[in-house]
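Engineer: Got a structure here, written out as C-alpha cells. Questions coming.
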Amino acid sequence: MKLPALMINLVPRSPALIGRVALITGSFVLGQWIFTDVIHLPGGGLGLMVAGAGVWWLSRPSIPARFDAPDSVQGWIRRCKEVLDQFEALEDEEDVVALRQQRSEALDAVLQRSEPQKVSFVNSGEGSLEDHPEVQTAIAGSTPLSISWARPLSQTGESWVWPAALQEQDVLLYVLPLPLMAADLLWLERVPANQPIWLIVSWQDSSTWVDQLQALQAQLPQRLSGQVLRWTGNQDDLSEALAPVRRLLEHPQRNLEITRKRLLGSLHRNWQAELEQLRRQRFLGLQQRTQWVVAGAVFASPLPTTDLLAVAVVNGLMIKEMAGIWKCSLKPEVLQLAARQLAGAALAQGVVEWSGQALLGVAKLDGSSWLAAGTLQALSAAYLTRVVGRSMADWLALNSGVAEPDLEALKIQAPLLVAKAAEQERLDWSSFSQQGISWIKELARQPGASSNPA
270 MKLPALMINL VPRSPALIGR VALITGSFVL GQWIFTDVIH LPGGGLGLMV AGAGVWWLSR
330 PSIPARFDAP DSVQGWIRRC KEVLDQFEAL EDEEDVVALR QQRSEALDAV LQRSEPQKVS
390 FVNSGEGSLE DHPEVQTAIA GSTPLSISWA RPLSQTGESW VWPAALQEQD VLLYVLPLPL
450 MAADLLWLER VPANQPIWLI VSWQDSSTWV DQLQALQAQL PQRLSGQVLR WTGNQDDLSE
510 ALAPVRRLLE HPQRNLEITR KRLLGSLHRN WQAELEQLRR QRFLGLQQRT QWVVAGAVFA
570 SPLPTTDLLA VAVVNGLMIK EMAGIWKCSL KPEVLQLAAR QLAGAALAQG VVEWSGQALL
630 GVAKLDGSSW LAAGTLQALS AAYLTRVVGR SMADWLALNS GVAEPDLEAL KIQAPLLVAK
690 AAEQERLDWS SFSQQGISWI KELARQPGAS SNPA
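Every number in my numbering is 269 more than the matching position in the sequence shown, counting from 1.
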C-alpha cells in the first residue's frame with residue numbers, strides 16, 4: 270500500500286508533530302485493514318482520506334491568538350452593545366424591538382448606579398451581628414452608606430448559587446463562626462472573584478488566636494485568606510476590628526466602578542448564554558446542510574486525494590459561516606488551526622471507525638443493500654463533519670467573550686471537546702442514520718447514481 274505523492278510531500282518533518290502524525294497513520298492502517306481484509310469492502314479509501322486530512326491539517330504551523338479583555342466600564346459597555354447587535358441578527362423580527370428595550374433598560378440600571386455605597390452583612394444563620402447596633406457606627410465614615418442585613422444563606426444547599434441581591438452589593442461583611450462549617454466554605458467559594466468581602470470572626474482568647482487563624486486560612490480560598498478580621502466580642506473593640514472596612518469605604522468612586530464592572534460582566538455572561546441558544550439553533554441548520562454536501566462530494570470523488578480536497582473545502586466554508594454566527598473576530602487561519610486540532614482529536618478517538626461499524630449495523634438491521642463502499646465512506650465523512658462541527662461550536666462558545674483563548678490550551682481541551690461532541694452525536698445516532706438512509710435513497714433516484722465511483 271502506497272501513499273499518494275501529494276501526501277508524502279505534505280508529511281511534516283518537525284519532531285514536535287511526529288507523535289500526532291504517527292497516531293493518525295496508525296488510524297489509517299487500522300481503518301484500511303478493517304475495510305479491505307475484514308469487511309471485504311472494495312476501495313477502502315476512507316482510511317486513506319482521513320489519514321491524508323489529518324496529516325495535512327496537523328502539518329500547518331500554529332498561529333497564536335489573543336483577545337483584549339475589557340478592563341474598564343467603557344470596555345464592558347462596548348462588549349454589551351456588541352451582544353445587543355448580535356441578538357438583532359439572530360432573533361425573530363417581531364421580538365427584536367421589545368427584547369432590545371428590556372436589555373437596554375437592564376444595561377442602563379447598572380450604569381446609573383451611584384452613591385450611597387451598598388454594604389451588606391451576610392451569614393449562614395450562625396453568628397449574626399444584627400443585634401449589635403454599634404456595627405453601623407463602627408463602619409461609618411465620611412461617605413454615605415446603605416447598610417443591609419441579608420437573609421441567612423441556606424445550609425442545606427438546594428442550589429449553591431450566589432444570590433443576585435448580594436452580587437449587587439459594593440462591599441460584603443461575612444460573619445463567620447468557628448470552627449469553619451462546610452456550608453460556609455461552599456458559599457465563600459461562590460463569592461464573585463472581583464467582589465470586595467471581609468470575613469468577621471469572633472474570637473476572645475488572644476493566646477490561641479494565631480493558631481486558629483492559621484487553621485482557618487489553610488481552609489479558605491486563597492484570595493480570602495488575608496480578608497479575616499478578628500473581633501473579641503467586646504463592643505469597645507468593634508470599631509478597631511472594622512477599621513479596614515472603613516478605609517475601604519473611603520473610596521466610593523473606586524468601589525462603585527468595581528461593582529459596575531462586575532455587574533456588566535454578569536449581564537454580559539447572561540446575554541451570552543441566551544445568545545448561545547440562538548446560535549445553536551442557527552448552527553443546526555448549517556450542520557445538516559454541510560454534512561450532506563460533504564457526503565455528496567466524497568461519494569462523487571474518484572480518488573482519495575480529491576476526497577481530501579473536497580472535505581477540506583466544504584469544511585472550510587462551514588467554519589467560515591460558523592465564525593459569522595458567533596461573530597468571531599479571529600483570523601481565518603486561526604479558525605482553521607482550531608478545526609485541525611479538533612479533527613485530529615476526532616480521528617485519534619476513532620470517530621470514523623465507530624461510525625463505520627454503526628453504519629454496518631444499521632445496514633444489517635435494515636436488510637437492504639444500499640450500503641456500498643462509496644456510500645459508507647460518504648456517510649462516515651458526513652458523521653466526522655458532524656462531530657468536528659459540534660466540537661468547533663463548543664470551542665467558539667467557550668471563547669466568545671473570554672479574556673484569552675489559548676490555542677496551546679486547545680491541544681489539551683480538544684480530546685475533551687471531541688469526546689463530549691461525539692457522545693452527544695451518538696445519542697442522536699438514530700436521527701443521523703435515518704437521515705443517511707433517506708440521503709442514499711434520494712441519491713439512488715438520481716440519473717447515473719448506480720455507478721459507484723468508489
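The beta carbon of each residue, even a glycine, is placed where N, CA and C say it ideally should be.
Do the stretch 680–694 and the stretch 654–669 make contact, defined as three or more Cβ pairs closer than 8 Å?
Structural biologist: yes
Engineer: By the DSSP assignment, the beta strand (DSSP E) with Leu468 in it spans what residues?
Structural biologist: By one-based count along the sequence shown, residue 468 stands at place 199. 466–471 is the span of the beta strand (DSSP E), which, as asked, contains Leu468.
Engineer: Classify Glu711 as helix, strand or coil using the three-state DSSP reduction.
Structural biologist: Walking along the sequence shown from the start, residue 711 turns up at place 442. Helix.
Engineer: Taking the Cβ atom as the reference point for each residue, do Leu441 and Ser393 lie within a distance shorter than 7 Å?
Structural biologist: Within the sequence shown, the letter at position 172 stands for residue 441. Within the sequence shown, the letter at position 124 stands for residue 393. The Cβ atoms of Leu441 and Ser393 do not sit closer than 7 Å to each other.
Engineer: How many Å lie between Glu384 and Lys589 at the Cα?
Structural biologist: Along the sequence shown, one-based indexing puts residue 384 at 115. Along the sequence shown, one-based indexing puts residue 589 at 320. Straight-line Cα distance between these residues: approximately 47 Å.
Engineer: The ligand PLP and Ala650: does the residue's C-beta get closer than 6 Å to at least one heavy atom of that ligand?
Structural biologist: With respect to the ligand PLP, the structure shown offers nothing to examine, as it has no ligands at all.
Engineer: In three-state DSSP terms, what is Gln386?
Structural biologist: Locating residue 386 in the sequence shown gives position 117, counting from the first residue. DSSP places Gln386 in strand when its eight states are reduced to three.
Engineer: With a CB to CB cut of under 7 Å and the five nearest residues on each side skipped, what residues in its chain are close to Ala564?
Structural biologist: Here residue 564 is taken as the residue at index 295 of the sequence shown, counted from 1. So the list reads Ala647, Leu648, Ala650, Ala651, Trp708, once near-sequence residues are dropped.
Engineer: What is the residue span of the alpha helix (DSSP H) that Arg531 lies within?
Structural biologist: Looking up residue 531 in the sequence shown gives position 262. That run of the alpha helix (DSSP H) goes 521–569.
Engineer: CB-CB under 6 Å to Ser283, same chain, minus the five flanking residues each way: which ones, in chain order?
Structural biologist: As a working mapping, residue 283 is identified with position 14 in the sequence shown. Its pLDDT being 44, under 50, Ser283 is placed unreliably in this model, and the coordinates cannot settle the point.
Engineer: Let me know the secondary structure DSSP gives Arg369 once reduced to three states.
Structural biologist: In the sequence shown, the residue the question calls residue 369 occupies position 100. Of the three classes helix, strand and coil, the one that applies to Arg369 here is helix, per DSSP.
Engineer: Over what stretch of residues does the beta strand (DSSP E) that includes Arg499 continue unbroken?
Structural biologist: Indexing the sequence shown from 1 puts residue 499 at position 230. It spans 497–500 - the beta strand (DSSP E) in which Arg499 sits, taken as one unbroken run.
Engineer: Give me the DSSP bridge partner(s) of Val656.
Structural biologist: Taking the sequence shown and counting its residues from 1, the one referred to as residue 656 is at position 387. The partner list for Val656 (beta bridge, DSSP) is empty, contrary to what the question assumes.
Engineer: Please list the terminal residues of the continuous beta strand (DSSP E) segment that includes Ser415.
Structural biologist: To locate residue 415, count along the sequence shown from 1; it is residue 146. 414–418 is the span of the beta strand (DSSP E), which, as asked, contains Ser415.
Engineer: Taking the CB atoms as reference points, tell me whether Ala683 and Ala612 lie closer together than 7 Å.
Structural biologist: If you number the sequence shown from 1, residue 683 lands on position 414. If you number the sequence shown from 1, residue 612 lands on position 343. No. Outside cutoff.
Engineer: With DSSP run on the structure shown, which of helix, strand or coil describes Leu489?
Structural biologist: Taking the sequence shown and counting its residues from 1, the one referred to as residue 489 is at position 220. Under the three-state reduction of DSSP output, Leu489 falls in the coil class, being neither helix nor strand.
Engineer: Going by DSSP in three states, Leu455 sits in which element: helix, strand or coil?
Structural biologist: Taking the sequence shown and counting its residues from 1, the one referred to as residue 455 is at position 186. Secondary structure of Leu455 (DSSP, three-state): helix.
Engineer: Please report how far the alpha carbon of Val404 lies from the alpha carbon of Trp418, in whole angstroms.
Structural biologist: The count along the sequence shown starts at 1 and reaches residue 404 at position 135. The count along the sequence shown starts at 1 and reaches residue 418 at position 149. So the alpha carbons of these two residues sit roughly 11 Å apart.
Engineer: So what's Leu665 in DSSP terms, helix, strand or just coil?
Structural biologist: The residue labelled residue 665 in the question sits at position 396 within the sequence shown. In the structure shown, Leu665 sits in a helix (DSSP, three-state: H, G or I).
Engineer: Taking the alpha carbon of Pro513 as the reference point, which residue from Ser598, Leu599, Val497, Ile527 has its own alpha carbon closest?
Structural biologist: Taking the sequence shown and counting its residues from 1, the one referred to as residue 513 is at position 244. Cα-wise, what sits closest to Pro513 is Val497.
Engineer: Considering only C-alpha positions, which residue in the set Ala592, Ser535, Leu555, Asp506 is nearest to Thr406?
Structural biologist: Start at 1 with the first residue of the sequence shown, and residue 406 comes out as number 137. Comparing Cα-Cα distances from Thr406 to each of Ala592, Ser535, Leu555, Asp506, the minimum goes to Asp506.
Engineer: For Leu606, which of helix, strand or coil comes out of DSSP?
Structural biologist: Taking the sequence shown and counting its residues from 1, the one referred to as residue 606 is at position 337. Three-state result, Leu606: helix.
Engineer: May I ask you to verify whether the stretch 469–485 touches the stretch 431–439, counting CB pairs closer than 8 Å and requiring at least 3?
Structural biologist: no
Engineer: Could you pull out every residue in the same chain whose Cβ sits closer than 8 Å to the Cβ of Trp725, ignoring the five residues on either side in sequence?
Structural biologist: This structure does not reach residue 725, given that the chain is present from 270 up to 723, and the question cannot be answered.
Engineer: Would Thr425 be called buried (16 or more neighbouring beta carbons within 10 Å of its own) or exposed?
Structural biologist: Your numbering for residue 425 matches position 156 in the sequence shown. Its Cβ having fewer than 16 others within 10 Å, Thr425 is exposed.
Engineer: Within its chain, find whatever has a CB closer than 7 Å to the CB of Leu449; leave out the 5 residues flanking it on each side and keep chain order.
Structural biologist: Stepping through the sequence shown from its first residue, residue 449 is reached at position 180. So the list reads Leu485, Gln488, once near-sequence residues are dropped.
Engineer: Is the beta carbon of His537 less than 7 Å from the beta carbon of Arg348?
Structural biologist: Along the sequence shown, read from residue 1 onward, the residue named residue 537 stands at position 268. Along the sequence shown, read from residue 1 onward, the residue named residue 348 stands at position 79. Contact: yes.
Engineer: List the endpoints of the continuous alpha helix (DSSP H) containing Leu442.
Structural biologist: In the sequence shown, residue 442 corresponds to position 173, counting from 1. Careful: Leu442 lies outside any alpha helix (DSSP H), inside the beta strand (DSSP E) at 440–444.
Engineer: Roughly how many angstroms separate the alpha carbons of Arg459 and Gln504, rounded to a whole number?
Structural biologist: Within the sequence shown, residue 459 is the residue found at index 190, counting from 1. Within the sequence shown, residue 504 is the residue found at index 235, counting from 1. Cα to Cα, Arg459 sits roughly 31 Å from Gln504.
Engineer: What are the start and end residues of the alpha helix (DSSP H) that includes Leu517?
Structural biologist: Taking the first residue of the sequence shown as 1, we reach residue 517 at position 248. Boundaries of the alpha helix (DSSP H) harbouring Leu517: 512–518, taken from the DSSP string.
Engineer: Is it a yes or a no for the stretch 523–542 touching the stretch 372–384, going by three-plus beta-carbon pairs under 8 Å?
Structural biologist: yes
Engineer: Can you grab the Cα-Cα spacing for the pair Ser508 / Val470, in whole Å?
Structural biologist: If you number the sequence shown from 1, residue 508 lands on position 239. If you number the sequence shown from 1, residue 470 lands on position 201. Answer to the nearest angstrom: the Cα atoms are 14 Å apart.
Engineer: Can you pull the DSSP bridge partners for Val583?
Structural biologist: Residue numbering aside, residue 583 sits at position 314 when the sequence shown is read from its first letter. BP columns for Val583 are empty, so no partner.
Engineer: Pick helix, strand or coil for Val391, following the three-state DSSP scheme.
Structural biologist: Start at 1 with the first residue of the sequence shown, and residue 391 comes out as number 122. Strand at Val391.
Engineer: Run the CB neighbour count on Ser719, radius 10 Å, all protein chains shown included, and call it buried at 16 or more, exposed below.
Structural biologist: As a first step, residue 719 must be located in the sequence shown, where it is residue number 450. Residue confidence for Ser719 is low, a pLDDT of 48 falling below 50, so the modelled location carries little weight and cannot support an answer.
Engineer: Distance check for Asp340 and Ser598, CA to CA, integer angstroms please.
Structural biologist: Here residue 598 refers to the residue found at position 329 of the sequence shown. Here residue 340 refers to the residue found at position 71 of the sequence shown. The straight-line gap from Cα to Cα measures roughly 19 Å.
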